[in-house]
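There are 2 protein chains.
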Amino acid sequence: MLNLVFILNIVDNMGVNSLQPNKQDTLSEHVFEQIKEDIITGAIPQGCKIVETDLAKSYHISRGPLREALHKLESIHLVDRRPHSGSRVVTLDIVMMRDVYQMREAMEGFATRLACVAMSQADIDNLYRLLEKHESSIERSEGQRYFQKEGDLDFHYYVFSKCQNQWLIDYLNNKLYQVLRMCRHRTSQIPFRVEPALHDHYAIVDAINNRDPELAEILMRRHISGAWKVVEKLLNQEENKESK
Amino acid sequence: MLNLVFILNIVDNMGVNSLQPNKQDTLSEHVFEQIKEDIITGAIPQGCKIVETDLAKSYHISRGPLREALHKLESIHLVDRRPHSGSRVVTLDIVMMRDVYQMREAMEGFATRLACVAMSQADIDNLYRLLEKHESSIERSEGQRYFQKEGDLDFHYYVFSKCQNQWLIDYLNNKLYQVLRMCRHRTSQIPFRVEPALHDHYAIVDAINNRDPELAEILMRRHISGAWKVVEKLLNQEENKESK
DNA sequence: TAAGAATTTATTGTCAACAATAATAAAATA
DNA sequence: TATTTTATTATTGTTGACAATAAATTCTTA
Numbered sequence: 431m432l433n434l435v436f437i438l439n440i441v442d443n444m445g446v447n448s449l450q451p452n453k454q455d456t457l458s459e460h461v462f463e464q465i466k467e468d469i470i471t472g473a474i475p476q477g478c479k480i481v482e483t484d485l486a487k488s489y490h491i492s493r494g495p496l497r498e499a500l501h502k503l504e505s506i507h508l509v510d511r512r513p514h515s516g517s518r519v520v521t522l523d524i525v526m527m528r529d530v531y532q533m534r535e536a537m538e539g540f541a542t543r544l545a546c547v548a549m550s551q552a553d554i555d556n557l558y559r560l561l562e563k564h565e566s567s568i569e570r571s572e573g574q575r576y577f578q579k580e581g582d583l584d585f586h587y588y589v590f591s592k593c594q595n596q597w598l599i600d601y602l603n604n605k606l607y608q609v610l611r612m613c614r615h616r617t618s619q620i621p622f623r624v625e626p627a628l629h630d631h632y633a634i635v636d637a638i639n640n641r642d643p644e645l646a647e648i649l650m651r652r653h654i655s656g657a658w659k660v661v662e663k664l665l666n667q668e669e670n671k672e673s674k
Numbered sequence: 431m432l433n434l435v436f437i438l439n440i441v442d443n444m445g446v447n448s449l450q451p452n453k454q455d456t457l458s459e460h461v462f463e464q465i466k467e468d469i470i471t472g473a474i475p476q477g478c479k480i481v482e483t484d485l486a487k488s489y490h491i492s493r494g495p496l497r498e499a500l501h502k503l504e505s506i507h508l509v510d511r512r513p514h515s516g517s518r519v520v521t522l523d524i525v526m527m528r529d530v531y532q533m534r535e536a537m538e539g540f541a542t543r544l545a546c547v548a549m550s551q552a553d554i555d556n557l558y559r560l561l562e563k564h565e566s567s568i569e570r571s572e573g574q575r576y577f578q579k580e581g582d583l584d585f586h587y588y589v590f591s592k593c594q595n596q597w598l599i600d601y602l603n604n605k606l607y608q609v610l611r612m613c614r615h616r617t618s619q620i621p622f623r624v625e626p627a628l629h630d631h632y633a634i635v636d637a638i639n640n641r642d643p644e645l646a647e648i649l650m651r652r653h654i655s656g657a658w659k660v661v662e663k664l665l666n667q668e669e670n671k672e673s674k
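So the sequences go chain by chain: A and B.
Residue numbers for the first sequence follow this note's numbering, beginning at 431 and rising by one.
Residue numbers for the second sequence follow this note's numbering, beginning at 431 and rising by one.
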């Protein structure tokens, strides 16, 4: 399954993963990426205390670069750091996830507005083709959630990457979407229906195609706040189950 | 003049400066704050190449903490960093400033919407009092631009600090507003009229007072995009002058 | 025995030396 | 003379040791 996604991303060269810079020139960068993935996938569990010397040993580097990596992880909200006291991996409570989804609603909505003005017709055609591909892959592989979520990310990424505001792109790509992936790992066991999402996506692209920035923004906002309502519900159910 | 602002901020405990964390427990934090101010005020000029050993010497620390400070400065977009090649102070060209103002429009607009729902009546009363104070201080000290700009920041800060989204507050306060202060230092010699801004502010607070989040957001957005149009004009004039 | 103070241990913050890379200058060739 | 190649220098990346602080433990006393 993972392979299929990988190949697809390479083929059409517009997948999320292929477009991340992933510059690992220095040791610190490399280990940053590694720890980031380990946190997002849960290999290093949430709330886990981080001891610099231990972690440095397990990644086979010295404390200097590790420290730089931790600083970077702090700047994208994946670890908390208190002077003299040490670092912990963040715990994604419901409040934090709400904050993230709200941010996403605001920023991606605005990015969609900007992209609607800036996109070429070729870009829009690409978007339609992307959605058609998602549609057919849903028919073919009903229930294979991982792929569908990646497809969802591909769509969102393609849209906001055309907004021509580097700050916006950077923040969405390097900060919000990392935490979002972490959220998804937490809720990945829970099935959800993708057809409504695809329907939303078509509506958004239609608005872009009609060059209606206000509508495009509103639709993207609703799409995201709708997604949050689903996630919130699931989290609340989970919480209730645990407290019993 | 500076003193007056300072006293005012302490007295009512709602100024921008008093609410920034400013934790300088470690050497690295301390020097981070120092360099940050030096960049924002222009003591270290834009586009300036940064040599770690030199800078470490001039701040009387070793390269370790300096490096951490530089990383932090990079994460708030105040320096650019390329592996093995070194760092430079950013140069605020018109594109970057447009990006920042766009971000601000999106995020502060959304923050205003959230704050409109979350604010207590006491908060709103405080806002009205703050505006009245600004109004009278404009009458008293016409033309003293520094104070007026600080007053403007106080207003904006007070609003978005009530949005109850820690990510949003953090981003606006620690990233966007730092670059914004840098912009203002660049354009500080240029006079501008504050009465229209005050009028906008009243309209925004009225919308909040009527508990109309949509309108509050729209008004805040217009207020900020209007401010950008003024700044953009000034920058273009400046550019034309230089190219002659 | 329980609470508080003093001591020890563990962990982070800082430093200065070393290695690796990129920018610069010098030399060689066309 | 212009251009490529080579050597030099300057600057960053990395490391391990040391100092300062916080957490844990032991000891004392009520």
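Glycine included, each C-beta is placed from N, C-alpha and C at the ideal position.
Item, Value
"Between the C-alpha atoms of Gln-454(A) and Asp-636(A), what's the straight-line distance to the nearest angstrom?", "39 Å"
"Keeping to the same chain, check which residues put their C-beta closer than 8 Å to that of Asp-468(A); ignore five residues upstream and five downstream.", "Ile-474"
"What's the C-alpha gap between Gln-464(B) and Ser-505(A)?", "19 Å"
"Assign Arg-497(A) to buried or exposed, taking buried as 16 or more other Cβ atoms, counted over all protein chains shown, within 10 Å of its Cβ.", "buried"
"Ignoring anything shorter than 4 residues or poking outside the stretch 474–550 of chain A, list the alpha helix (DSSP H) runs there in chain order.", "482–488, 493–505, 524–548"
"Using CA atoms only, rank isn't needed, just tell me which of Val-547(A), Glu-668(A), His-586(A), His-629(A) is closest to Asp-642(A).", "Val-547(A)"
"Taking three-plus beta-carbon pairs below 8 Å as touching, is the stretch 518–536 of chain A in contact with the stretch 596–604 of chain B?", "yes"
"With burial defined as no fewer than 16 other Cβ atoms inside 10 Å of the residue's Cβ, what is the status of Val-525(B): buried or exposed?", "exposed"
"Which residues in the same chain as Leu-432(A) place their Cβ atom closer than 6 Å to its Cβ, once the five residues preceding and following it in sequence are excluded?", "Caution applies to Leu-432(A), whose pLDDT of 30 falls short of 50 and renders its modelled position unreliable; the model cannot decide the point."
"For Val-661(A), name the three-state secondary structure that DSSP assigns.", "helix"
"Which whole-angstrom value describes the C-beta separation of Ala-633(A) and Asp-582(A), a residue pair presumed to lie in contact below a C-beta threshold of 8 Å?", "Going by Cβ atoms, the distance from Ala-633(A) to Asp-582(A) rounds to 15 Å, so no, they are not a contact pair."
"Could you say which of Arg-493(B), Arg-534(B), Pro-495(B) lies nearest to Gly-656(B) if we only look at CA atoms?", "Arg-534(B)"
"What three-state label does DSSP hand Arg-652(A) in the structure shown?", "helix"
"For Leu-508(A) and Arg-518(A), what's the separation of their Cα atoms in angstroms?", "9 Å"
"Output the boundary residues of the alpha helix (DSSP H) element that contains Lys-466(A).", "457–471"
"Tell me which same chain residues have a C-beta within less than 8 Å of the C-beta of Ile-654(A), skipping the five on either side of it?", "Tyr-531, Arg-534, Glu-535, Glu-538, Gly-539"
"Let me know the secondary structure DSSP gives Cys-613(A) once reduced to three states.", "helix"
"Quick check on DSSP: helix, strand or coil for Ser-566(B)?", "helix"
"Give the straight-line distance between the Cα atoms of Ser-515(A) and Tyr-601(B), rounded to the nearest whole angstrom.", "24 Å"
"Sorted by chain position, which residues of the same chain lie with C-beta nearer than 6 Å to Ser-458(B)'s C-beta, five sequence neighbours on each side aside?", "Pro-495, Glu-498, Ala-499"
"Since Met-650(A) contacts Ile-470(A) with CB under 8 Å, what's their CB separation in whole angstroms?", "Incorrect: roughly 24 Å between the Cβ atoms, too far for contact."
"In or out: Arg-512(A) buried (at least 16 other Cβ within 10 Å) or exposed?", "exposed"
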